[in-house]
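For reference, the structure discussed in these notes is given below.
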Ligand code: AMP
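In our numbering, the protein residues as written are 168 to 394.
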C-alpha cells in the first residue's frame with residue numbers, strides 16, 4: 168500500500184474523500200473498528216465541541232447549520248491537537264478531512280513530524296441525485312436509530328417504529344442546506360482529487376453506490392488490508 172512519502176515509522180494513513188452522503192462516516196467507523204485504527208472525523212469532533220459548548224463549538228455552529236465549511240484555521244488547529252495524541256503504531260483513517268487544498272497542505276506539513284505521510288486516498292463516488300436523497304431523506308430517532316424516507320422509511324411517517332417518538336430532521340440535512348453542501352464540495356473539496364493525483368498511485372476510486380459491505384470490501388482491497 169505504501170507509496171513514496173507514506174508512513175515510514177507508523178501505521179498507515181488513509182483519507183476517505185468524497186461528497187457528503189457518500190458513506191465516508193459509515194465506512195470509516197467500520198474500518199477503524201475492525202482494524203483497530205484511529206478514526207478522525209472532523210465532523211464528529213465539531214459536533215462534540217458543539218455539545219460541550221466549547222469556543223470552537225460556538226464558532227463552528229453557524230457554518231455547520233448553513234452547510235458551509237468551518238474556516239481552515241480552526242480545523243487545522245483541531246486536527247493538529249488530535250494528531251499529537253495519536254498512538255504511532257496504529258493506522259489512521261481520516262473522514263471529512265481534509266476538505267480544502269490548504270487543509271491538505273497543512274496535513275502534508277504536519278504528518279512528517281509524527282513519522283507519517285498519506286499512504287492512500289480512497290475516493291468514494293456516487294451520483295448527485297443519490298447523495299441528495301441519502302442526506303435530505305435522513306431522519307433520526309432520539310434513541311439513535313436512523314431512517315431514510317426514500318430508502319428505509321419508518322412504518323408511520325415521522326415517528327420512530329421502536330419508541331413512537333417524533334423523528335428529527337437535522338438542520339444541515341434540510342434540502343437547501345444539502346444543496347449548499349454539495350455545491351461547496353464541488354467548489355472547495357473536489358480540487359483535492361487533482362492535488363492528490365500529483366502523487367502517482369495515491370488515489371483509489373471506489374463506487375460508493377454499491378451496498379455497504381461491498382464498498383467496505385472494495386476499500387480494503389484498494390488499500391491492501393484483508394477483508
Ligand atoms: P460532516 O459530518 O463531515 O459532513 O461535517 C459536518 C459539517 O462540519 C460540515 O458541513 C462542515 O460545516 C463542518 N466540517 C466538518 N469537517 C470539516 C472540515 N474538514 N473543514 C471544514 N468544515 C468541516
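Ideal Cβ positions, reconstructed from N, Cα and C, are used throughout, including at glycine.
Distance CB(residue i)-CB(residue j) smaller than 8 Å
i: residue 289; j: residue 371; result: yes
i: residue 204; j: residue 198; result: yes
i: residue 258; j: residue 202; result: yes
i: residue 260; j: residue 173; result: no
i: residue 359; j: residue 184; result: yes
i: residue 223; j: residue 230; result: no
i: residue 233; j: residue 347; result: yes
7 Å CB neighbourhood of residue i in its chain, flanking five on each side removed
i: residue 313; result: 305, 307
i: residue 169; result: The pLDDT assigned to residue 169 is 45, lower than 50, so where the model puts this residue is not dependable; a value taken from the coordinates is nonetheless given after this. So the qualifying residues of the chain are 286.
i: residue 336; result: 306
i: residue 333; result: 325, 326
i: residue 310; result: 327, 329, 330
8 Å CB neighbourhood of residue i in its chain, flanking five on each side removed
i: residue 373; result: 289, 290, 291, 292, 382, 385, 386, 389
i: residue 297; result: 188, 376
i: residue 218; result: 224
Whole-angstrom distance between residue j and residue i, CA atom to CA atom
i: residue 277; j: residue 327; result: 44 Å
i: residue 345; j: residue 362; result: 25 Å
i: residue 180; j: residue 329; result: 39 Å
i: residue 342; j: residue 357; result: 21 Å
i: residue 323; j: residue 315; result: 12 Å
i: residue 302; j: residue 340; result: 6 Å
i: residue 209; j: residue 263; result: 6 Å
i: residue 177; j: residue 368; result: 20 Å
i: residue 352; j: residue 266; result: 8 Å
i: residue 241; j: residue 252; result: 18 Å
i: residue 270; j: residue 207; result: 14 Å
i: residue 283; j: residue 221; result: 30 Å
DSSP three-state assignment for residue i, whether helix, strand or coil
i: residue 292; result: strand
i: residue 170; result: In this prediction, residue 170 scores a pLDDT of 49, lower than 50, which makes its location untrustworthy; no coordinate-derived value is stated.
i: residue 392; result: coil
i: residue 262; result: strand
i: residue 237; result: coil
i: residue 181; result: strand
i: residue 285; result: coil
i: residue 187; result: coil
i: residue 395; result: One cannot answer for residue 395 here, as it falls past the ends of the chain, which runs 168 to 394.
i: residue 192; result: helix
Scan the region 297-380 and note each continuous alpha helix (DSSP H) run of 4 residues or more that stays entirely inside, going in chain order. Counting whole runs of 4 or more residues, the region 297-380 contains the alpha helix (DSSP H) stretches 342-351, 358-364.
Please list the segments of the beta strand (DSSP E) lying wholly inside the region 205-231, counting only runs of 3 or more residues, in order along the chain. 205-208
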